[in-house]
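Letter by letter, the sequence shown follows residues -22 to -1, 1 to 113 of mature numbering (1 follows the signal peptide of the UniProt record, and there is no 0).
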Amino acid sequence: MKTHARLCAALSLALLSSSALACGDEAALYSRAYDQCMDAAVSTVAMQDCIAAEHGKQDKTLNDNYRKLMAALAKPRQPQLLAAQRLWLQYRDANCRLYADPDGGTAAALAAADCALAATAARAAELAKLLPEQH
């Protein structure tokens, strides 16, 4: 977790903005393995690998939650979820591309990857909250 904080601080300084970085609540959604990976990371390449691995886990969770929610929704509401998810994907991808400044070096690449991770984790949690409670 301390390396995640260092990453957030470094990216914030590099980009002069931390508004879209995973320095907030999204970090609480990340796996323990991610925290350990980031704590052990000694290079930006290692951090990228940690982010990519966690993004894969969060993306799987997002897709699982999406499928569960789609199955739980009444038929008339399913197109609404599909439309919302498609728009969300477009937004996430466009928003995170802003951080991939070609002149920003490795910090920009980390910021873009971290943006996608944070957004994916937050959306996975949001979809989970929309699921009907299990009795």
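In this text, a Cβ means the ideal position worked out from N, Cα and C, and glycines have one as well.
In this text the structure is predicted, and so the values were computed from the model without any measurement.
Confirm, please, whether the CB-CB distance from alanine 78 to alanine 61 is below 8 Å.
-> no
Own chain, CB closer than 8 Å to glutamine 63, minus 5 neighbours either side, in chain order = Tyr44
Can you list, in chain order, the residues of its chain whose CB lies under 6 Å from that of leucine 47, leaving out five sequence neighbours each side?
-> Leu105, Leu108 and Leu109
Report the option in Met16, Thr98, Leu59 and Pro57 whose CA atom is closest to the CA atom of aspartate 71.
-> Thr98
Alpha carbon to alpha carbon, how far is cysteine 93 from cysteine 74?
-> 6 Å
Counted within 10 angstroms of its Cβ, other Cβ atoms place glutamate 4 as buried (16 or more) or exposed = buried
Which residues in the same chain as alanine 100 place their Cβ atom closer than 6 Å to its Cβ, once the five residues preceding and following it in sequence are excluded?
-> Glu4
Would you call glutamine 68 buried or exposed, if buried means 16 or more other Cβ atoms sit within 10 Å of its Cβ?
-> exposed
Taking arginine 55 as part of the alpha helix (DSSP H), name the residues at either end of that continuous run.
-> First-last for arginine 55: undefined, no H or E at that position.
Straight-line gap, aspartate 81 to histidine 33 (C-alpha atoms, nearest Å) | 24 Å
Is the Cβ-Cβ distance between residue 114 and alanine 30 less than 8 Å?
-> Summary: the structure shown does not reach residue 114, with the chain confined to residues -22 through 113, and so no result is reported for it.
Between the C-alpha atoms of alanine 103 and glycine 83, what's the straight-line distance to the nearest angstrom?
-> 31 Å
Between the CA atoms of valine 20 and tryptophan 66 - distance to the nearest angstrom | 33 Å
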